[in-house]
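Q: Next up is a structure, given as C-alpha cells.
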Amino acid sequence: MASYVASQDKLSFIDTALAERAQNQQLRLLHPLQPIDAVQVLRQGRRLINFSSNDYLGLSKHPALIAAAQQFVEKYGAGATASRLVAGTYEIHQALEEKLAAACGREAALLFNSGFQANATILTTLLDRRSLVLCDRLVHNSIIHGILASGARFARYAHNDLNQLEDKLQQATQKSYSRILIATETVFSMDGDRSDLDGLIQLADRYRAILYLDDAHALGVLGRNGMGLACHRAEVDVTIGTFGKAFGAFGAFVSCSQKMRDYLINCCPGLIYTTALPPAVIGAIDAALNLVPTLASDRAALLQKADDLRTNLEAIGCDTGASSTQIIPLILGAEQKTLALSQTLEDRGILAMAIRPPTVAPGTSRLRLALSSCHRLDHLKYLIQIIQAWQKV
Ligand SMILES: *Cc1c(COP(=O)(O)O)cnc(C)c1O
0 MASYVASQDK
10 LSFIDTALAE
20 RAQNQQLRLL
30 HPLQPIDAVQ
40 VLRQGRRLIN
50 FSSNDYLGLS
60 KHPALIAAAQ
70 QFVEKYGAGA
80 TASRLVAGTY
90 EIHQALEEKL
100 AAACGREAAL
110 LFNSGFQANA
120 TILTTLLDRR
130 SLVLCDRLVH
140 NSIIHGILAS
150 GARFARYAHN
160 DLNQLEDKLQ
170 QATQKSYSRI
180 LIATETVFSM
190 DGDRSDLDGL
200 IQLADRYRAI
210 LYLDDAHALG
220 VLGRNGMGLA
230 CHRAEVDVTI
240 GTFGKAFGAF
250 GAFVSCSQKM
260 RDYLINCCPG
270 LIYTTALPPA
280 VIGAIDAALN
290 LVPTLASDRA
300 ALLQKADDLR
310 TNLEAIGCDT
320 GASSTQIIPL
330 ILGAEQKTLA
340 LSQTLEDRGI
350 LAMAIRPPTV
360 APGTSRLRLA
370 LSSCHRLDHL
380 KYLIQIIQAW
390 QKV
C-alpha cells in the first residue's frame, strides 16, 4: 500500500472519483426544473410530460395540502425548533401520529424526517453485531445503509425468492445470533413488482425473525383505504411509510406496536438527535391523510392506466419485467441504448430518466416510468407512439 503523502492534494480522491464516473459516462448531474402541475414540468423553458416523479395521486399540487401547509406555518411557525424529545413535539406531531396509527390499523406510529433517514437509523437500533439480517437483493440503498452501519452479519437472498430466504433462515438456526431480521419492500422501487407478504409473515413467524417492511411505494396507492400493503398486519414488526411519494409531501413514519415505538423513542439516534418535522410539512401530511382514503377511484384509475400501459408496451415488444403496480420499468439492458431513448423522449417533450448501474444491476438499465392518476390517456398514447417510432430507426 502506498504511504500517506503529506504533500499530495488532500482532495485528490475527489478528482479521481469524478473522473472515473465521467469516463464511464456515469457522472451524476442535477438538472433543475420547474413544476407546472402534477405531471408537467418546465426544463430550460420547455414543457415536458413527467414520467419520473413519484407523485402517484397528484397530491403535491393539491389545494388542500397547500392550504393546510399554509395554515400550519402561520399558526405554529416555520420550524419545530428542537428535537422531538426536547421541545419539538407539538400537539400536531402527536395528533398526526395517532391518526396515522388508526389509519394503518396499528397500535402506534412514529414520525421520521425522511424515508432514507428512517431506514438508515432504525435498522441500527434494532440490530447489533451479533444479529443476522436477511434482505432481498433489490432493497433500497437506505436499507443497506442501515444494515451496514449496524455491523450485523448480513446476507441477501435472490429477489423475491422466499425458498432461498427459508434456506438461509434454516441455516441460521444452527448459529447463535442475538436475533434475526428480514428486511424487504412491499413494492420494489425500480421494478414495480411486489413481495409475497403472506409468505414473508409465515417465514418470520416460523423462524421467529423480526419482519421489517418498507412500504414506500404502496402507501397511498395499495392496500386497505390506500394505506399500504402492510397496513392492518400486526405480524409486521416495523413498517416504513414515506410521505414524499403518493402523499405528495415529505417525511416518513413507522407503524408498529406501542412497545416498538417506546423503544425507538428511547434508543433511535435518528429520532433523538434531529429536529422534528416542521409545521408546514405536518399540515401537508395531515391533509393528505384526510384525502387518501377518499381516493379509491383515483387509485383504481391509476392501476388501470398502468395495466394498459404495460399491455401496450409489451405489444410493441418492450420488457416491463414483473411490474404489477404504477411503477413500470422499460428494461432495455444496455446503458447507451437506455440513454438514447431517454434523450429521444426528452427531445419530443417527455421526461423519463434513465436508471443505470449501480442503482440497478449491470445489464438491466431501464427507463423507470412512474404513473400518476393525473396522467391523461393522450399522455400515455403519445409516450407509446414515440417509443414505437424510436424502435424503427
Ligand atoms: C424513496 C424511498 C425511500 C426514501 O424515502 P425518502 O423519504 O425520499 O427519503 C426509502 N425506501 C424506499 C423503498 C424508497 O423508494
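First residue of the sequence shown: 0, per numbering that gives the first Met the number 0; consecutive thereafter.
For each residue, glycine too, the CB sits at the ideal point set by N, CA and C.
In angstroms, rounded to a whole number, what distance separates the CA positions of Ile200 and Leu210?
A: Their backbone Cα atoms lie some 7 Å apart in a straight line.
Q: Return the CA-CA distance between Asp306 and Ala360, expressed in angstroms with no decimal places.
A: Going from the Cα of Asp306 to the Cα of Ala360 covers about 25 Å.
Q: Using the beta-carbon count (16 or more within 10 Å), is Thr310 buried or exposed?
A: Its Cβ having fewer than 16 others within 10 Å, Thr310 is exposed.
Q: Looking at the secondary structure, which residues open and close the alpha helix (DSSP H) in which Phe12 lies?
A: Note, Phe12: alpha helix (DSSP H), 11 to 22.
Q: I'd like to confirm the pairing. Which residues does DSSP put opposite Tyr176 in its beta bridges?
A: Note: Tyr176 sits in no beta bridge, so no partner.
Q: What does DSSP give as the partner residues of Asn49 in its beta bridges?
A: DSSP, once it has assigned bridges, lists Leu350 as partnering Asn49.
Q: Under the three-state reduction of DSSP, which class applies to Ile315: helix, strand or coil?
A: Coil at Ile315, not helix or strand.
Q: Taking the alpha-carbon positions, what's the Val72 to Phe249 distance?
A: For Val72 and Phe249, the distance between alpha carbons rounds to 15 Å.
Q: Using DSSP with H/G/I as helix, E/B as strand and the rest coil, what is Val421?
A: Missing from the structure shown is residue 421; the chain here goes from 0 to 392 and no further.
Q: State the DSSP-derived secondary structure class of Val291, mapped to helix, strand or coil.
A: Reduced to three states, the DSSP call for Val291 is helix.
Q: Can you grab the Cα-Cα spacing for the pair Gln303 / Leu58, in whole Å?
A: Taking the straight line from one Cα to the other gives about 19 Å.
Q: Looking at the structure shown, is Tyr262 part of a helix, part of a strand, or coil, going by DSSP?
A: Reduced to three states, the DSSP call for Tyr262 is helix.
Q: With burial defined as no fewer than 16 other Cβ atoms inside 10 Å of the residue's Cβ, what is the status of Pro278: buried or exposed?
A: Looking at its Cβ environment, which holds 16 or more other Cβ atoms inside 10 Å, Pro278 is buried.
Q: Please tell me whether, using a cut-off of 7 Å, the distance from the CB of Ala215 to the nearest non-hydrogen atom of ligand 1 is below it.
A: Flag set: Cβ of Ala215 near ligand 1.
Q: On the criterion of 16 or more Cβ atoms from any shown chain inside 10 Å, does Val186 qualify as buried, or is it exposed?
A: When all chains shown are included, Val186 counts as buried.
Q: So for Phe111, helix, strand or coil by DSSP?
A: Here Phe111 sits in strand by DSSP.
Q: For the alpha helix (DSSP H) that Ala276 lies in, which residues bound it at each end?
A: A small fix is needed here, since residue 276 is Leu in this sequence, not Ala. Neither: Leu276 is in no alpha helix (DSSP H) and is coded neither H nor E.
Q: Within 7 Å: the Cβ of His231 and any heavy atom of ligand 2?
A: With respect to ligand 2, the structure shown offers nothing to examine, as its ligands consist of ligand 1.
Q: CB-CB under 8 Å to Glu97, same chain, minus the five flanking residues each way: which ones, in chain order?
A: Closer than 8 Å at the Cβ level, and outside the excluded window around Glu97, lie Ala108.
Q: Between the Cα of Leu161 and the Cα atoms of Leu366, Tyr206, Ser177, which residue gives the shortest distance?
A: Comparing Cα positions, the closest option is Tyr206.
Q: Which first and last residues belong to the alpha helix (DSSP H) in which Ser141 is found?
A: From DSSP, the alpha helix (DSSP H) with Ser141 extends over 140 to 149.
Q: If you measure from the CB of Ser113, is any heavy atom of ligand 1 nearer than 7 Å?
A: Checking the Cβ of Ser113 against ligand 1 gives yes.
Q: Would you please state the rounded distance, in angstroms, between the beta carbons of Phe153 and Ala251? I believe it to be under 8 Å.
A: The Cβ separation is near 22 Å, so there is no contact.
Q: Skipping 5 residues on each side, what residues in its chain have a beta carbon closer than 6 Å to that of Gly243?
A: Closer than 6 Å at Cβ, skipping near neighbours: Phe249.
Q: How about His139: is its Cβ closer than 7 Å to a heavy atom in ligand 1?
A: Correct: His139 has its Cβ closer than 7 Å to ligand 1.
Q: Does DSSP classify Thr238 as helix, strand or coil?
A: Strand at Thr238.
Q: Please go through the same chain and pick out, in chain order, the residues whose beta-carbon is closer than 8 Å to the beta-carbon of Ser130, but skip the five residues on each side of it.
A: Around Ser130: Ser149, Ala151, Arg152, Tyr176, Ser177, Arg178, Ile179, Leu180.
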